[in-house]
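Below: one structure, written as structure tokens.
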Amino acid sequence: MSSGDAALQSSSSKASKKPTYSRFTQQELPACKPILTPELIMAAFIFLGITFIPIGLSHLSASDHVVELIDRYDEDCIPVDNSNSEAAYNKRIGYIQDVKTDKTCTRTLIVPKKMKHPIFVYYQLDDFYQNHRRYVKSRNDEQYRNPAADHKTAHCEPESMNNDNQPIVPCGLIAWSLFNDTYSFSVNGNSLPINKKGIAWESDKTHKFGSKVYPKNFQSRSLIGGAKLNESIPLNQQEDLLVWMRTAALPNFRKLYGRIETDLEANEMIKVVINNNYNTYTFKGKKKLVISTTTWIGGKNDFLGKVYITVGGICLFIAVAFISVYLIRPRPLGDPAYLSWNLDPASN
Amino acid sequence: MQLEENIPHHDNPRLIHINDPKKTNDKFGFSGNEIRTSKYTLLNFLPKNLFIQFHRVAYLYFLAIAALNQLPPLAVFGRTVSLFPLLFVLTVTAVKDGYEDWRRHRSDRNENNRETLVFQLNEFHPKRWKKIQAGEVVKISSDETIPCDMVLLGTNDSSGIAYIQTMNLDGESNLKTRYARQETNKLVLEGTTISGVVRCEQPNRNIYEFMANMELKGQRFPLSQSNIILRGCQLKNTEWAIGVVVYAGQDTKAMLNSAMSSSKRSRLETYMNRETIWLSVFLLIMCVVVALGMGLWLKRHETQLDTLPYYRKIYFQKGKEGKKYKYYGIPMETFFSLLSSIIVFQIMIPISLYITMELVRLGQSYFMIGDQHMYDSSSNSRFQCRSLNINEDLGQIRYVFSDKTGTLTENKMEFRKASIWGKNYDNSYPDADASLEAKDVTVDRRKWKLKSEITPDPELMKLLYKDLSGEEGVAAHEFFLTLASCNTVIPILTESSSSGCDGVLGGSPVSIDYQGESPDEQALVAAASAYGYTLFERTSGHIVIDVNGEKIRLEVLGLHEFDSVRKRMSVVIRFPNHTIKVLVKGADTSMFSILDNDRPAEDHIRHVTQVHLNDYSSEGLRTLVLASRNLTGEELAEWQHRYEDACTSLTDRSVKLRQTAALIECNLTLLGATAIEDKLQEGVPEAIESLRQAGIKVWILTGDKQETAISIGLSCRLLTADMNQIIINGNSENECRKLLCDAMAKYNVNSTSCSSQITKLRRKAEPDYLELPSQTKSSSMPQQCAGEEDTPNFGPLALIIDGNSLVYILERDLESELFDLATSCRVVLCCRVAPLQKAGIVDLIKGRTDEMTLAIGDGANDVSMIQMADVGVGICGQEGRQAVMASDFAMGQFRFLKRLLLVHGHWNYQRIGYLVLYNFYRNAVFVLMLFWYILCTAFSTTSALTDWSSVFYSVIYTSVPTIVVGVLDKNLSDKTLLKYPKLYAAGHRQESYNMSLFWITMVDTLWQSLVLFYVPLFNYRESTIDIWSMGSLWTIAVVILVNVHLAMDIQRWVFVTHLAIWGSIIVTYGCMVVLDSIPAFPNYGTIYHLVKSPAYWLSILLITVIGLLPRFIFKVFHQTFWPSDIQIAREGEILRRRRRRRHIGSKTDEVSS
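First to last, the sequence lines map onto chains H and P. Taken in order, the first sequence gives residues 302 to 649; the numbers are from our numbering. Taken in order, the second sequence gives residues -11 to 1141; the numbers are from our numbering.
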């Protein structure tokens, strides 16, 4: 009898279109339904407050520990007055574009505090739109990587071919405009060696730029954008180029020039001899030399620290504001008396 | 003369030569029987599918953007990348379409390759369906499906009857009869090959009409609906049937009817489109800013352009010197900048939202269909979503227009009362000691199974048994003869064992199943049978009725079927003693006017019957009036002549038949009236009560009488005793106007047009209407009255209006008055309304308010209303499937409407509303972030993000959580929603989606985009950060931000939600790792470098917190101090549950300790 019943049931259930029960289809899955109880709200704000303020403080103190020296030299390293006049402008251009003149320039910097090694040397360019679309796109990574891809100069226009219609390696505007100011440091007459190895990303050196790709036909035209490359060194060893090719995100940017591997004492005088070759005068961009130590947050920047402290403070303030408003106007959670139709019986 | 006329000369008839398919198809290429429901073939799939897909504006937008991007000066994205979204969407849709079409192909193939017997070379041979041609003669066996539309030539039955089930066509499960003409049936049974010509109309989609005639051996006779069997039907209870194919393949009525699709657009989507226009404005502003900026920047640097290291417009290369490189002058560059910024900002217009919404609605309907609480076990039907566009409208319904019969009621009729010859017989109270009847009934029960149990009234039984000589007895006899004969019910005898003897005492288990198109008729025939008048057999020519064991064969001379104009049906019957009678039954309004007025003796009976009728209908019973008349020979001759003409007519047949009917449907003798109960469906009063609490106005639109409508209104608690009923039943425009204005004046309904008219009318029309006092009765409770007499509040109002008045009101300029009055009433009942009037009323509300309307009904008469309303719901009921076919949603019971609206409607509305706002936000925050950055790149539309990340953002990184939340999130449990129907008002108040929410969202978006942009900007200003690291940071920050934003608003976290939200972030990281691991990309290695930097992580944390802090504070304060109803209910629900769980937990602790 039981088997017959079962058969009957199974046949009837086959015919039935009744939706099968599962917690999923009936939308009854076990679920976490969070609600914002006053305790939870308080806890959230206080938690934010007491975590953010310490983060901010430690960030600030880290930023404080960074010793940073910035020297703008573009104006001072040119024997032309700084006026905005057309004549001065043209003079500046004439000076910088003249290949023959000696453009060395000596600057003296005073170390404000003791700087522990490694000390990073950067150059900073302002108002240089390395993020301009026409500029960013003007490269061909395939050519840089693959020794057999010389001819691949797509996107590199108008710096893809030299005058003999030979492909330029590395092609493109970015490579063409490679920064070519050089710095040499000396402290108290002793030259300070700058380590220019390992300034580019390791990944760029190992994979992105080929170890068998050598510069060719580079800067061979009359209009020279910037540095020339040693044609006997493969691209992946040209670390300045690699750094430059990581185009900056913002129009004011720094790029790593090298590292000083010795400590600098406070009040030491650093003499910097600058070869002021790079032309930023056409677009009135600034050039700066930056010498800085780093901490775990990177360079000197107290923005994050300040904001963290502010946000933490706001959270604590809101926690207080919330609790005081809540004490004045308490509302039991889920009290049906607060439902709109219970508050306003007339509408019923 | 008439016969000649019958050939339709206005349009060429379709000529079918029976048994001669060659000749038939020679001149006219009638389509073969191969059907094709599929849209595509392998060859045309790609072009046709693309063509159809690009009909959508969204895709055109995608295409235009992708095309723009192919222009060299505009190539913002890589060429392949820019095509990705378009290709993705196209591929997904094409795969979906392809799969659907493949299934259609398969079913077409199966269908086309079925076989059936076709007369070939003097024998019936099997032939594939697709090879069948018009003109061929086909033989169908029992239970086979009919391959094409054919005219019946003959069946195994000598009377030529065939039973068919039309389930596939209209969903009605009961059997219908079709007849072969006697002329052909005879030939078929003799085995002769028939050759003749059928002239029929051109193919059309009307499955309820067919007009043709047949010429056979010089003889011409009419063919009608009852002679044709349609493709898709099944032959039942008939051994075989032979027919000639008249319409094949795509010409068949089934195929012509198969294209049924209604496309409605939800209100929220309409609003969404309005906001999309705003977004387009934002988009345009941003693009103009970028373009102008570009123009000004170029202007300022015009002289330096070729000396800038980062901008070069000419070649210095030899041979190309001075040639412009991608530079077309400042105006053109500005213009190109505009176009390319459109490309970059394209997702500001959330095109993907349309696809997301489609998917979400699909998911929502999956859950609606799968809801066990909306499964009707009695009809074994699930909830059906026939339209996928308007799920969220269910959460905003303000007006429900309901049909009564079959919707509120079960449409399972039961014979309750009868009034015969002026005497009321009430058999609803069965008499226990009526032994004779009891015995009879038990015998009856053994003899056949009846759908409803009827206990015959003993007094009436006695009258029937006593004698049939008295006037009363004759009337009773005719009364039941009418019940048994004047109908279209087919008795189906199933002889389970030895039969032949059908005597009452024989006890042979012959069971009779009455199959008919109308449940009323079935109930009446069953009732007649209970009183000893059993309908046994029905053919086109005669019927056999068993009268108390004695079989009477009645010849049917003609039958005028029920139509909605006459509202009655009649049969002309020749009795064995050669008297000829017309038996008529019909609605009371249509019957009393055609009664014989010259017999004063019967006035009394008529009066009493009318009183009875009013009584019946006030109890909510459906009434029919029965009458009869003897026909004289002359009358019969004239009628027969006209009847045959009308029947063979190909044009205006129904009008001619109606005129013919008028010949004999006059001067009738009243026999009595019947009252049938139409039971309320289960749970209807509760559902209506809940709907009303939810702020939904329920209007009933019914074809029933006013009294019936009111009584049903009372029984389903729509009308309550404390309501003031305003009754409008005027017979002229002025009368209606006056009634409306009086009512408005009385109940202080503010009207724009009434106040001036009312005084004017009073003065002018007062004398005419003195005898027509406004039938407003205040039945409010006395104590209430005393207190409220002078106050403007009269308590809830109910408006009852009839179809006649509606004719005047809807056709004239009284619409606004009716609207004002009706909207201030809590309940509106419209009775005696025609199908089109139903649509008219819906239109009245739809046209004058912004509120959403829902129409629910089950019959063909509700189709217009269902299509007119914003949401149409069909009940899979007894009256066929037309309502379901026309509807957007279909379900088994009215009471499911409560769950559909209060639970699923609420959920869907909340989900879609949030989904739309969130999608606007999600895309806008991304675009704004790009915009701020472009301002820092000399307006050069650079994106720091990699091309792939930009494209993946809306397709992969953030799309899944929106869909999951749109399908699965729910703010309140169904129990709470059903417990507090008033929560539904959130939809009425448009709480989930409105203009101010949109603007708040946009302000929030602006803030978040600024945070997204400026936190990294300040953190990395004057640093060594490169563009790809910055882009990488922004990508991950925006993905985390929008996902945490979503997480903050999720009300119900299930496993899938966790998976979607956190999974999206992980997938994003995964994609970025992959993208940064391809050395060919300039961004190679970025992410590996970044993750080592604490500043990166601190930035992301800070962006997320600051970005969401204002929103969180707003939310917290709003929820705590100005909570919405939903919020309170949600807290209550969750806290109750937690308390209960804690309670159980403490108990188990106790036990364990």
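Backbone N, C-alpha and C fix where the C-beta goes; we use that ideal spot for every residue, glycine too.
Practice task
With a threshold of 16 other CB atoms inside 10 Å of the CB of Q431(H), please say whether the residue is buried or exposed.
Solution key: buried
Exercise for the section: Could you tell me the distance, in whole angstroms, from the CA atom of P631(H) to the CA atom of W1085(P)? Expected result: 38 Å
Practice task
Kindly list the residues whose CB is nearer than 6 Å to the CB of S485(H), restricted to its own chain and excluding five residues on each side of it in sequence; keep chain order.
Solution key: V574
Exercise for the section: Please list the residues of the stretch 1007 to 1029 of chain P that have a C-beta atom closer than 8 Å to any C-beta atom in chain H, keeping them in chain order. Expected result: N1007, Y1008, R1009, E1010, S1011, T1012, I1013, D1014, I1015, W1016, S1017, M1018 and G1019
Handout entry: For L798(P) and T841(P), the rounded distance between their alpha carbons
Key = 18 Å
Problem - Cβ shell of N7(P) (< 8 Å), same chain only, five flanking positions each side left out - result: F107, G123, E124, V125, T181, I182, S183 and V232
Exercise for the section: Quick one: which residues of the stretch 594 to 618 of chain H get their C-beta closer than 7 Å to a C-beta of chain P? List them in chain order. Expected result: W597, I598, G599, G600, N602, F604, L605, V608, Y609 and V612
Problem - Cβ-based neighbour list, T1177(P), same chain, cut-off 6 Å, excluding 5 preceding and 5 following - result: An answer regarding residue 1177(P) cannot be provided, because it is not within the stretch -11 to 1141 covered by chain P.
Practice task
Give a yes or no on whether the minimum CB-CB distance between D692(P) and chain H is below 8 Å.
Solution key: no
Problem - Chain-order list of residues whose beta-carbon lies under 7 Å from that of S1134(P) (same chain, five-residue window excluded) - result: none
Exercise for the section: Identify, in the order they occur along the chain, each residue of the same chain with its Cβ nearer than 7 Å to the Cβ of Q1107(P), setting aside the five sequence neighbours on each side. Expected result: Q1115
Problem - Segment contact, 8 Å Cβ cut-off, at least three pairs: the stretch 79 to 87 of chain P with the stretch 106 to 120 of chain P - result: no
Handout entry: Residue nearest to K450(P) in terms of C-alpha spacing, selected from H113(P), G520(P) and E805(P)
Key = G520(P)
Problem - Per-residue burial, T934(P) [other beta carbons within 10 Å of its own, 16 or more giving buried] - result: buried
Exercise for the section: Would you give the residue range spanned by the beta strand (DSSP E) that H465(P) belongs to? Expected result: Counting along the chain, H465(P) falls outside any beta strand (DSSP E), though it belongs to the alpha helix (DSSP H) covering E459 to S473.
Practice task
Could you check what DSSP says for I684(P) in three-state terms: helix, strand or coil?
Solution key: coil
Exercise for the section: Return helix, strand or coil for I273(P), following the three-state DSSP convention. Expected result: helix
Problem - Closest Cα partner of L474(H) within the set I394(H), N491(H), F519(H) and P419(H) - result: F519(H)
Handout entry: Where the beta strand (DSSP E) through W228(P) begins and ends
Key = W228 to Y235
Handout entry: Contacts of E387(H) in chain P (Cβ-Cβ under 7 Å)
Key = Within chain P, no residue comes near E387(H); the closest Cβ sits about 10 Å away, beyond 7 Å.
Exercise for the section: Identify each residue in the stretch 389 to 416 of chain H for which the Cβ-Cβ distance to at least one residue of chain P is less than 7 Å, and report them in chain order. Expected result: none
Handout entry: Below-8 Å beta-carbon distance, F429(H) vs any chain P residue
Key = yes
Practice task
Tell me, please, whether the CB atom of H629(P) is closer than 8 Å to any CB atom in chain H?
Solution key: no
Handout entry: Reduced DSSP secondary structure (H/G/I, E/B, other) of I571(H)
Key = strand
Handout entry: Exposed unless 16 or more other CB atoms sit within 10 angstroms - verdict on V613(P)
Key = buried
Problem - Proximity winner among E178(P), E171(P), L218(P) and P191(P), relative to G1142(P) (alpha-carbon distances) - result: Nothing can be reported for residue 1142(P), as the shown portion of chain P is limited to -11 through 1141.
Problem - Proximity to V1061(P) [Cα-Cα], best of I1075(P), D1037(P) and S961(P) - result: I1075(P)
Problem - Any C-beta of chain P under 8 Å from that of V626(H) - result: yes
Problem - D808(P) and M732(P) closer than 8 Å at C-beta - result: yes
Problem - Cα-Cα separation, Y757(P) to I684(P) - result: For Y757(P), the predicted model reports a pLDDT of 38, less than 50, meaning its position is unreliable; a value from the coordinates is still stated below. Roughly 36 Å between the two C-alpha positions.
Practice task
In angstroms with no decimal places, state the Cα-to-Cα distance between C1059(P) and I951(P).
Solution key: 20 Å
Handout entry: Of the residues H366(H), Y436(H) and Y374(H), the one placed nearest K314(P), counting alpha carbons only
Key = Y436(H)
Practice task
Could you check which residue in C729(P), W409(P) and M856(P) has the C-alpha nearest to that of G828(P)?
Solution key: M856(P)
Problem - Spatially closest choice to S492(H) from T594(H), M343(H), N580(H) and L565(H), by CA coordinates - result: L565(H)
Practice task
Could you pull out every unbroken beta strand (DSSP E) segment of at least 3 residues lying fully inside the stretch 63 to 108 of chain P, listed in chain order?
Solution key: 103 to 108
Exercise for the section: Could you list the residues in the stretch 627 to 642 of chain H with a C-beta less than 8 Å from some C-beta on chain P, going in chain order? Expected result: Y627, R630, R632, L634, G635, D636, P637, Y639, L640, S641 and W642
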